[in-house]
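To keep things clear, I will list the structure first and then write my remarks on it.
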Amino acid sequence: MPARSANWLLLFTASGLAALAGARSADAVELPSLQRVAAHAPRACSADGLCVDVGVALADPGQPDACSTQSSVVADVGDQLAWCYTLTNGSDHTLSWHTLTDSLHGDLFAQLHQDIAPGESWRYIKLEVAGAVVDGDVDASWTASGTRPDYAVDDGVAFDYVDASDGTLLDLTGGFAHARSALVQAPFPVDLFGTRSDMLCIGANGAIQPGGTPCAIPMTYAFPSTYVTAAIAPAWSGYADSVGSVYTKVLGSTPGQRRFVVEWKDLALDWPSMPGFTFEVIIDEASGGYLFQYLSTGAGTGDFGDAGDQAIAGLQADGTTAQAYSSFAPVLTPGKAVRWTLQPPADALSASASVHADVGAPHLVLPVAQLNAFAASGISVSQPIVIGNDGNRTLEWSAGEYPSSSVAAHPRRSVARTVFDASALQRRPAKTVGRSSRTSTAGVLGGTGLPAYAVQLDTNTGAQDYIGFDLFAPDAGNAQVIVPDIDLAGMYVAGGDFVDNDFSREWMLDYYYDELYTLDTSDGSKALVGWPVPQRAQPNEAWWGAAWDPASGVLYAASNATNGWSGLYAIDRQSAVATFIGKIDTGTPTTIADIAIDQSGAMYGLDTLNDTLVAIDKASGAASVVGPLGVDAKFAQGIKFDRSTGILYWTSYDANGAAAVATIDPVTGTPTPLVPSGDQRQLFALAIAKAGGDCTQPLDAPWLSLSTASGTLAPGAPFGVYDVTFDATTIAPGDYEASICVFSNDPARRTQPAIVPVHFNVAPAGGDTLFEDGFDG
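Counted from 1, the sequence shown has number 153 at position 152 by the numbering used here; the numbering is strictly sequential.
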């Protein structure tokens, strides 16, 4: 029997997608977000005079510094919220060290240094896009003190050494000779003087830096040290390079009761030359304390350098504050154990308050995963597609073609920058699971990882190569160079993308010659299409980014001018004519380095002038800020969706020359670093070689129709059951396939549809009567 396939689309357009354009608060504290305010009547006060007031409301784009006094909020996922925390010091002394946490966000800041005199009030405002469903009280606690917490030290505890050599051997490759280090993730956040981090830079020289960026711990001759921001140092010294090993090990599996061991084994002192150093630190999750233990600390002869005579042991809070147990003194004798226990300041005050948050979202449920129908030729049969909503907001859907513009423009708001540090990267993500797609004839990745193509610019040499590579392992050594020195070949690439899921060639825009051409991903051969020319109404306007829209089939391009102006164009792929759509307008000058379009047709841009992700209306160019990137992005960048998963990827490059691959949440704009891609190497004209499932281009399936074209499902409503008709009256016998692609305002599916595969077997007329009634087995 002949086999045919078609793609049939059930598109759930969502007015809720308008919430994609919003603001994002800083995850790290920046002092401008703390405001001195007049004292007022707080919501909750402790007996010792500390008072806290908490308010929450929908954010006002025109007043980003407004502080709400509302005690509850009703919002949807994707809405902009403003959380306001106000501290009033009703005590009789100045409070200088502050920690604020709540049950929704965790640590908002820890041990922030800010003097608040008696009678004064301070305010912290957190602006964010609601990213998850919340239903209940959010409890906030503010702790303040006049002095910083310190540690009680006990060197009389029992020695109970843990051999960690059966744990994880660290690959100390970071840093330089005598400063080899490794960035690792602890199984729980590690607290040091009230500041918490689960990322630890572990150095070969007997010290650990929480947070760990940059990760390179050399020898130090002073304590506190200016070489690190903070330190856990059981025996910080100068040890011989490539002698000995460092291991980590987790003890216990119950959250809250685990211990994390870091052991330095068989090190040798560099000067004076002396072997025999084995010691460890055990970090206790329950108490937040540390245990230093010394199995051997030199030759044991009492010579210079023995027993810690050339080492520092202690804890460092910052570049000006530290507690030393020993400093270049021979007191770290074998068999010694030293316990450090955090002591809250005697003058610590704490107050708590709460607000109620009802943040909701619809949740699409498709209990019937696929449809299989059978009929004899000339017969029509029906089967139900079932659509449910088990969320707490109304699910909206409609059937039809892709919308012309999936994201409306919204007012821009100014928000604080999130923290994004490419130098902190050290882990590869798990392999992305997606639908299979056509693969490039280049065979760059052999079916593993996430296949991508880009132009690679080495800023040290100026060389520009067209490469195929794995986004999960983007180092230059792993890439396949397809066209070396692409600029010497007369190509000045501005942006590119794959079109129609054809990964054998990438469509490219040239900023110098205003060319549109394709590059073959197997041999790099160039095929000129034509000369799209921007309108050049702005000074030095030139092409910068390009993206194909799977919803409409249109190739879009972004241009930039030297006056902070960016424009949006549609490029005709036959004639190469560029049609101006409008200025990419967020209300402020922009530099759009690249654009990306998701499976539903929603367009985003990367603005390197303001370091933000923006949502762009394809019909007009009007745009709005989604959120800050948290990094000073410079020069060439790339963003594109993996349409098989709906994940937005970013090849970033910052002002410090750090390059990385990250993902960006298209609802909040929050970036998540994945893996470094090598300093001084920019990746642009990014294109990802993965198809977006079977619903990329709407194709005609005349044998398939849905009885209901639109509707809504309220929270708790019964499942909607809609007949799908399989019509075998006008088609030949054979097997037919399609995909019902379900888009919705379910935020969990904002960039990728749910797909219901459909199979229709049409038997010859007069065949087995089993198939005449549509029996679906």
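Positions of the beta carbon are idealized from the N, C-alpha and C atoms, including for glycine.
These numbers come from a predicted model, not from an experiment.
The Cβ atoms of Q384 and L372 sit closer than 7 Å to each other. In the structure shown, N373 falls within a strand segment according to DSSP collapsed to helix, strand and coil. Nearest to L614 by C-alpha distance, out of A603, L630, A623, is L630. The secondary-structure analysis by DSSP pairs T196 across a beta bridge with L193.
With a cutoff of 7 Å on beta-carbon distance, Y248 and S166 are scored as near each other. DSSP places L88 inside the beta strand (DSSP E), whose first and last residues are 81-90. Of the residues assessed, Y493 falls on the buried side of the cut-off, its CB having 16 or more other CB atoms within 10 angstroms.
Checking the DSSP bridge columns, you'll see V482 partnered with I468. With contacts defined as CB atoms closer than 7 Å, D724 and S711 fail to qualify as a contacting pair. By the criterion of at least three beta-carbon pairs nearer than 8 Å, the segment 79-89 is not in contact with the segment 324-342. Residues of the same chain with a CB within less than 6 Å of the CB of K250, apart from the 5 flanking positions on each side, are A165, G168, V262 in chain order.
For the pair L316 and A153, the Cα-to-Cα distance works out to about 11 Å. Within its own chain, the residues whose Cβ lies closer than 8 Å to the Cβ of D728, once the five positions on either side in sequence are excluded, are S381, P703, W704, L705, S706, listed in chain order. Ranking N390, I487, P677, P211 by CA distance to the CA of G478 puts P677 first. Annotation: the continuous beta strand (DSSP E) that includes Q344 extends over 337-344. Around A656, the same chain offers D633, K635 as residues with beta carbons nearer than 6 Å, after the five sequence neighbours per side are excluded.
Burial state of S355 is buried, judged by a 10 Å Cβ sphere holding 16 or more other Cβ atoms.
Under the 8 Å Cβ criterion, the segment 542-553 counts as touching the segment 508-518, having at least three qualifying pairs. Around the C-beta of V75, fewer than 16 other C-beta atoms lie within 10 Å, and the residue is accordingly described as exposed. When beta bridges are read from the DSSP output, Q317 appears opposite A232, A323. A straight-line Cα-Cα distance of about 16 Å links Q600 and A547. Considering only Q465, P452, L458, P215, the residue with the shortest C-alpha distance to L472 is P452.
I593 places its beta carbon less than 7 Å from that of D608. Judged by DSSP secondary structure, Y605 falls within the beta strand (DSSP E) whose first and last residues are 604-608. Restricting attention to G132, I640, D736, L113, the CA atom closest to the CA of D359 is found in G132. Here Q112 is buried, its C-beta having at least 16 other C-beta atoms within 10 Å. Pairing Y454 with A660 gives a Cβ-Cβ distance that is not under 7 Å.
Of F761, N746, A755, S745, the smallest CA-CA separation from A739 is found for F761.
Non-local C-beta neighbours of D747 in its own chain, meaning closer than 6 Å and more than five positions away in sequence, comprise P363, H364, L365, ordered along the chain. Between L170 and A205, the C-beta spacing is not below 7 Å. Distance from the CA atom of S182 to the CA atom of A217, rounded to whole angstroms, is 5 Å.
For R682, the enclosing beta strand (DSSP E) starts and ends at 682-689. Note that the C-beta distance between A231 and L201 is not below 7 Å. For A308, the secondary structure class from DSSP, reduced to helix, strand or coil, is helix. Short of 7 Å from the beta carbon of S560, and not among the five residues preceding or following it, lie these beta carbons of its own chain, in chain order: P535, E542, A543, W544, W545, S567, G568, Y570.
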